[in-house]
Amino acid sequence: MGHKVNTLSNRLGLIVGWQSLWYSHYPERIKEDFKIRKYLENRLSKANISRIYIERSLNRVIITISSSRPSIIIGKGGSEIDKLKKELNIFTYQTIQINIFEIKKPELDAVLVSKSIASQLENRGSYKKAIKICISAALQVNAEGIKIKISGRLNGAEMARKETYKEGRIPLSTFRADIDYHMTEAHTNYGIIGIKVWIMKGEIYGKKNLFNIFQLKKKYKKKKVGSLSKRNKLK
Numbered sequence: 001m002g003h004k005v006n007t008l009s010n011r012l013g014l015i016v017g018w019q020s021l022w023y024s025h026y027p028e029r030i031k032e033d034f035k036i037r038k039y040l041e042n043r044l045s046k047a048n049i050s051r052i053y054i055e056r057s058l059n060r061v062i063i064t065i066s067s068s069r070p071s072i073i074i075g076k077g078g079s080e081i082d083k084l085k086k087e088l089n090i091f092t093y094q095t096i097q098i099n100i101f102e103i104k105k106p107e108l109d110a111v112l113v114s115k116s117i118a119s120q121l122e123n124r125g126s127y128k129k130a131i132k133i134c135i136s137a138a139l140q141v142n143a144e145g146i147k148i149k150i151s152g153r154l155n156g157a158e159m160a161r162k163e164t165y166k167e168g169r170i171p172l173s174t175f176r177a178d179i180d181y182h183m184t185e186a187h188t189n190y191g192i193i194g195i196k197v198w199i200m201k202g203e204i205y206g207k208k209n210l211f212n213i214f215q216l217k218k219k220y221k222k223k224k225v226g227s228l229s230k231r232n233k234l235k
């Protein structure tokens, strides 16, 4: 089961929290959340946004944006934040509060890694070189394992194929394993190329407050990585 379902949804409620925190009026609020996320991703496309968390109370919407380049979002003296609040008022009548969380190790963020590979493919870069750089960077910042699967017309081949690259361990069936996952698409001249990234950060022991998105100090138990396995040898 762990190899079939989405890695994050499989751990939802155990070690992974929700990206939307609210209840009641589900159709309206789901629609609002979708519009807000879509707008922010397009508006802040250069800010390396990872995920957007939305929390709602009676009269307030708290939007937390995780990014590796927070200065682009904040602007000079917080001017960009004020602009964003005014622009987002078209989606909701509630008071908007925007928080920014800086990602200090983007090499361990599956969203940013997959977007980086997609960007290089769209700029006609070598997919093997892009994957090799991302794997090397993740291992240098103490990732226990990383797995990247890419599928499509690679290098413009006539027939689509899949390739998988793996270093370290990715225990998908271990629920306490803190594995970040994301899937994105690269739109190239030869068609769409799918990119999936799994990054193993460690194992979490003890209770975790799923509603405290960023402030919790995770308790990892590190394991030594032995021989590194590969399905496709990087060249």
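Read left to right, the sequence shown gives residues 1 to 235 (UniProt numbering).
Glycine residues also receive a C-beta, built at the ideal position from the N, C-alpha and C atoms.
(request) Specify the secondary structure class of Tyr181 as computed by DSSP and reduced to three states. (result) strand
(request) Answer with yes or no whether the minimum CB distance from Lys83 to chain D is below 9 Å. (result) Although the question refers to chain D, the structure presented lacks it and comprises just one protein chain.
(message) Just verifying my parser: in three-state terms, what is the DSSP assignment at Lys217?
(response) Its pLDDT being 45, under 50, Lys217 is placed unreliably in this model, and the value from its coordinates should be taken loosely. Here Lys217 sits in coil by DSSP.
(request) Could you check if Ala47 is buried or exposed, using at least 16 other CB atoms within 10 Å of its CB as the buried criterion? (result) buried
(message) Just to confirm the assignment, what range does the beta strand (DSSP E) spanning Ile52 have?
(response) 49 to 56
(request) Could you round the C-beta distance between Glu185 and Gly191 to whole angstroms and report it? I think they count as a contact, below 8 Å. (result) With a Cβ gap of about 10 Å, Glu185 and Gly191 do not count as contacting.
(message) Three or more C-beta pairs under 8 Å: does that hold for the segment 74 to 83 against the segment 152 to 172?
(response) no
(request) Please report how far the alpha carbon of Thr64 lies from the alpha carbon of Arg161, in whole angstroms. (result) 38 Å
(message) Which of the three DSSP states is assigned to Arg60 in this structure?
(response) strand
(request) Return yes when the Cβ of Ile54 is within less than 9 Å of the Cβ of Gln94, no when it is not. (result) no
(request) Answer with buried or exposed for Glu107, where buried requires no fewer than 16 other C-beta atoms within 10 angstroms of its C-beta. (result) buried
(request) Starting from the N-terminal side, write out each stretch of the beta strand (DSSP E) that is 3 residues or longer and does not extend beyond the segment 126 to 157. (result) 145 to 152
(request) Tell me, to the nearest whole angstrom, how far the beta carbon of Phe175 is from that of Leu14; I am working on the premise that it is less than 8 Å. (result) 5 Å
(request) Give me the Cβ distance between Ser50 and Val111, rounded to the nearest whole Å; I'm assuming they're in contact under 8 Å. (result) 4 Å
(request) Determine, using beta carbons only, whether Cys134 and Ile150 come nearer to each other than 9 Å. (result) no
(message) Using the three-state DSSP reduction, which class does Ala186 fall into: helix, strand or coil?
(response) strand
(request) Check the C-beta distance from Lys35 over to Phe91 and give it rounded, since I have them as a contact under 8 Å. (result) 5 Å
(request) Classify Tyr26 as helix, strand or coil using the three-state DSSP reduction. (result) helix
(message) For a test of the three-state rule: what should DSSP assign to Asn123, helix, strand or coil?
(response) coil
(request) Following the continuous beta strand (DSSP E) through Asn99, name the residue where it begins and the one where it ends. (result) 95 to 102
(request) Please state whether DSSP places Asn232 in a helix, a strand or coil. (result) Residue placement at Asn232 cannot be trusted, given a pLDDT of 49 that sits under 50; what the coordinates show is reported in the next sentence. Here Asn232 sits in coil by DSSP.
(message) For Ile117 and Ala130, which I take to be in contact (beta-carbon distance under 8 Å), what is that distance rounded to the nearest angstrom?
(response) 5 Å
(message) Quick check: what's the CA-CA separation for Glu87 versus Ile30?
(response) 19 Å
(message) By the DSSP assignment, the beta strand (DSSP E) with Thr164 in it spans what residues?
(response) 161 to 168
(request) Going by DSSP, name the residue or residues bridged to Val197. (result) Ile148, His182
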